[in-house]
Amino acid sequence: MRARSLAATCGALALCLVLSAATNPGFVVRITQAGLDYAHQHGITILEKELIQLKLPDISGDFRLRQVGKVNYELSRLDLHSFHLPYSRISLVPNVGLQVSISNAFASINGNWRVKLYFIRDHGSFDLRVENIYIKINLKLGRNASGKPTIDTSDCSTRVSKVWAHFSGKFGWLYNLFYSAVESRFRKILEGKVCDIVDSSVRRELQPYLWTLPVTSKIDDKVGIDYALVAPPTATAQSLDVDLKGEFFSLAHRSAVPFSPLPLALPPDHDRMVYFGASSYFFNTAGFVYHKDGLLVFEITDSVIPKDVEFHLTTSTFSAFIPQLEEMYPNASVKLRLSAPSAPFLSIGPGGLSLTPVVDIQAYAILPDTRLAPLFLLSLTGNVSAVINVTSSHIVGNLTVGRMKLSLKHSDVGTFQVRMLQSIMNIYASNILLPRLNERLAQGFPLPLPDRIQLYNILVQLHQNFLLLGADVHYQPRGWR
Numbered sequence: 001m002r003a004r005s006l007a008a009t010c011g012a013l014a015l016c017l018v019l020s021a022a023t024n025p026g027f028v029v030r031i032t033q034a035g036l037d038y039a040h041q042h043g044i045t046i047l048e049k050e051l052i053q054l055k056l057p058d059i060s061g062d063f064r065l066r067q068v069g070k071v072n073y074e075l076s077r078l079d080l081h082s083f084h085l086p087y088s089r090i091s092l093v094p095n096v097g098l099q100v101s102i103s104n105a106f107a108s109i110n111g112n113w114r115v116k117l118y119f120i121r122d123h124g125s126f127d128l129r130v131e132n133i134y135i136k137i138n139l140k141l142g143r144n145a146s147g148k149p150t151i152d153t154s155d156c157s158t159r160v161s162k163v164w165a166h167f168s169g170k171f172g173w174l175y176n177l178f179y180s181a182v183e184s185r186f187r188k189i190l191e192g193k194v195c196d197i198v199d200s201s202v203r204r205e206l207q208p209y210l211w212t213l214p215v216t217s218k219i220d221d222k223v224g225i226d227y228a229l230v231a232p233p234t235a236t237a238q239s240l241d242v243d244l245k246g247e248f249f250s251l252a253h254r255s256a257v258p259f260s261p262l263p264l265a266l267p268p269d270h271d272r273m274v275y276f277g278a279s280s281y282f283f284n285t286a287g288f289v290y291h292k293d294g295l296l297v298f299e300i301t302d303s304v305i306p307k308d309v310e311f312h313l314t315t316s317t318f319s320a321f322i323p324q325l326e327e328m329y330p331n332a333s334v335k336l337r338l339s340a341p342s343a344p345f346l347s348i349g350p351g352g353l354s355l356t357p358v359v360d361i362q363a364y365a366i367l368p369d370t371r372l373a374p375l376f377l378l379s380l381t382g383n384v385s386a387v388i389n390v391t392s393s394h395i396v397g398n399l400t401v402g403r404m405k406l407s408l409k410h411s412d413v414g415t416f417q418v419r420m421l422q423s424i425m426n427i428y429a430s431n432i433l434l435p436r437l438n439e440r441l442a443q444g445f446p447l448p449l450p451d452r453i454q455l456y457n458i459l460v461q462l463h464q465n466f467l468l469l470g471a472d473v474h475y476q477p478r479g480w481r
């Protein structure tokens with residue numbers, strides 16, 4: 001009984017550890033206060049335009065005057081022709097979300113009025129100015145089932161401090177009484193309508209824009225990147241952190257990655273608007289997927305050899321090192337098939353980025369009937385240094401090959417001195433294989449950015465097991481050239 005209980009406990013513990021590891025992000029986005037301030041500027045501009053569209057209802061009613069009687073009134077065709085939000089700020093509320101505070105806002109309204117008191121009937125127009133409007137908006141952040149970010153108004157309050165009005169007409173004393181009767185009703189209507197507009201703006205403008213953040217990004221017709229949120233965004237006193245899965249995957253058949261991301265703790269830097277933490281897990285899932293799908297296989301024939309390379313892929317060239325080749329396959333073309341027996345692994349540390357790849361090189365003689373005759377299988381190992389940079393929207397890279405070592409794994413043409421082939425294989429790897437890889441890396445991989453965002457003022461820092469990318473952002477409105 002105790003053994004069974006112990007086994008159950010161990011099983012539960014193992015499950016908890018697996019689930020805990022699975023929640024670690026492979027990629028983190030940090031938005032600093034400067035980034036929130038920049039986004040807030042554009043958001044306030046949109047809110048101002050939304051508020052100007054606010055439709056106010058007609059106001060009508062009656063009130064009694066001592067020794068005079070009942071007065072009927074009506075305000076109609078209320079037109080809000082300006083609404084300004086000159087002072088506002090966005091704040092981080094730890095473990096909750098964001099708060100937008102707007103103060104000293106003001107608006108201008110005009111319309112028509114009509115009153116009736118016994119035999120007195122009058123009408124005209126009025127101008128009304130609303131001052132010292134205070135608005136407080138709390139925004140709750142989350143994620144939906146597909147891993148997209150969500151935002152909602154968790155609370156909104158509006159307070160109007162001052163309302164000034166000017167009525168055209170003959171009976172000034174009556175208008176003053178009339179104004180006193182409708183002012184409180186007008187305040188309540190305006191205060192309620194403003195929060196309605198805020199809720200609508202968040203739903204119609206802000207939420208759809210956040211959904212332009214790519215949950216998956218297609219790299220090519222074979223591979224994509226999963227940028228789904230693994231947890232709701234977290235607000236701290238200094239920043240808003242968004243944890244993403246950060247994992248490459250095969251578009252044809254997705255399978256589990258046989259390793260997990262380590263915890264990723266970004267340094268407390270706040271000089272840029274946004275920071276990206278790209279873990280070694282993020283990059284190594286790329287190597288895993290490309291290897292598993294057979295995309296790290298390259299074939300080299302003489303037709304792809306650059307003209308300035310003096311060695312050509314023929315048995316005549318190799319016979320200088322393997323004399324029996326010329327006799328076995330005289331003047332035959334040679335094909336080299338380069339493949340990785342295991343996925344390449346990128347190491348990231350303060351000192352740099354490095355790879356120690358292993359490449360198998362299978363050589364074939366191309367027979368007159370196009371059949372392939374196996375010649376030998378070599379193993380090539382070497383030190384490869386990597387440089388990673390960021391463009392306005394992509395991570396790009398470049399590889400440099402250091403010292404390489406060649407060894408013989410199998411031969412179909414008898415024994416020979418492998419070291420004699422070292423220089424020629426170095427040339428093929430450096431002049432053909434490496435340029436192909438760097439051409440692909442120069443195209444880059446897209447960063448998780450919402451629509452119409454471009455990065456500039458970029459910095460790149462190396463930390464243990466992750467790469468820190470910092471940048472300021474520029475938003476390009478639609479139609480911008």
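Going by the numbering used here, the first residue of the sequence shown is number 1, and it counts up by one from there.
Backbone N, C-alpha and C define an ideal beta-carbon position, used for all residues, glycine too.
With a 10 Å radius around its C-beta and 16 neighbouring C-beta atoms as the bar for buried, classify residue i as buried or exposed.
i: Glu327; result: exposed
i: Thr315; result: buried
i: Thr370; result: exposed
i: Lys55; result: exposed
i: Pro214; result: buried
i: Leu336; result: buried
i: Tyr290; result: buried
i: Phe282; result: buried
i: Ser101; result: exposed
i: Ala21; result: Because the pLDDT of Ala21 is 41, which lies under 50, any placement of that residue in the model is unreliable, and the question is left without a value.
i: Gly414; result: exposed
i: Asn284; result: buried
i: Met273; result: buried
i: Ala286; result: buried
i: Asp32; result: With the sequence shown as reference, residue 32 is identified as Thr, and Asp is not the correct amino acid for it. Buried: at least 16 other Cβ atoms inside 10 Å.
i: Leu367; result: exposed
i: Gly294; result: exposed
i: Val96; result: exposed
i: Ile361; result: buried
i: Ile395; result: buried
i: Val198; result: buried
i: Gly61; result: exposed
i: Ile120; result: exposed
i: Ser168; result: exposed
i: Phe376; result: buried
Tell me, which residues are paired with residue i by DSSP?
i: Phe259; result: DSSP lists no partner for Phe259.
i: Lys222; result: Paired residue(s): none; Lys222 is not in a bridge.
i: Arg121; result: Lys116
i: Gln461; result: Leu468
i: Ser250; result: Val223
Residue i: which of the options sits nearest, CA to CA?
i: Val163; options: Phe288, Val242, Asp127; result: Asp127
i: Ser76; options: Gly352, Pro267, Ile120, Gly124; result: Gly124
i: Cys492; options: Lys140, Phe83, Ala237, Leu380; result: Residue 492 cannot be examined here, being either before or after the span of the chain that is shown, 1 to 481.
i: Arg535; options: Thr45, Pro448, Tyr290, Val289; result: Summary: the structure shown does not reach residue 535, with the chain confined to residues 1 through 481, and so no result is reported for it.
i: Leu353; options: Ile388, Tyr134, Arg452; result: Ile388
i: Thr212; options: Lys193, Ala332, Gly147, Leu296; result: Gly147
i: Pro435; options: Leu399, Ala252, Asp243, Glu183; result: Leu399
i: Ser88; options: Ser430, His40, Pro330; result: His40
i: Asn138; options: His166, Phe63, Val130, Ile151; result: Ile151
i: Ser407; options: His253, Val396, Ser379, Leu421; result: Ser379
i: Gly355; options: Asn72, Pro374, Gly397, Leu375; result: Looking at the sequence shown, residue 355 is not Gly but Leu. Nearest option by C-alpha distance: Gly397.
i: Ile458; options: Phe276, Gly142, Arg419, Asp302; result: Phe276
i: Asn104; options: Val160, Leu92, Gln461, Leu251; result: Val160
i: Ile424; options: Ser385, Leu346, Val309, Arg452; result: Val309
i: Ala256; options: Phe248, Leu433, Asp271; result: Phe248
i: Pro258; options: Val194, Phe288, Asp271; result: Phe288
i: Val514; options: Gln461, Val418, Thr23; result: Shown here, the chain extends from 1 to 481; a query on residue 514 therefore has no answer.
i: Pro208; options: Leu240, Val115, Pro149, Leu264; result: Pro149
i: Glu50; options: Ala107, Val93, Asn72; result: Ala107
i: His270; options: Ser280, Leu240, Asp226; result: Leu240
Starting from residue i, follow the beta strand (DSSP E) in both directions and report where the run begins and ends.
i: Gln41; result: No beta strand (DSSP E) holds Gln41; the alpha helix (DSSP H) holding it covers 33-52.
i: Pro149; result: 149-167
i: Tyr227; result: Premise fails: Tyr227 is in no beta strand (DSSP E) and is neither H nor E.
i: Ser91; result: 87-93
i: Gly69; result: 69-84
i: Ser146; result: Taken as a continuous stretch (DSSP letters only), Ser146 belongs to no beta strand (DSSP E), as it is neither H nor E.
i: Leu240; result: 239-244
Can you tell me where the alpha helix (DSSP H) holding residue i begins and where it ends?
i: Leu210; result: 207-210
i: Thr23; result: 2-23
Inset, instruction - Could you tell me which uninterrupted beta strand (DSSP E) segments, each at least 3 residues in length, are contained entirely in the stretch 272-358, listed from first to last along the chain? - result: Fully enclosed beta strand (DSSP E) runs of 3 or longer: 274-279, 297-300, 333-339, 346-349, 352-355.
Legend entry - Minimum length 3: unbroken beta strand (DSSP E) runs contained in the stretch 346-416: At a cut-off of 3 residues, the continuous stretches assigned as beta strand (DSSP E) that sit fully inside the stretch 346-416 are 346-349, 352-355, 358-366, 372-390, 394-411.
Inset, instruction - Scan the stretch 410-453 and note each continuous alpha helix (DSSP H) run of 4 residues or more that stays entirely inside, going in chain order. - result: Listed in chain order, they are 422-428, 434-443.
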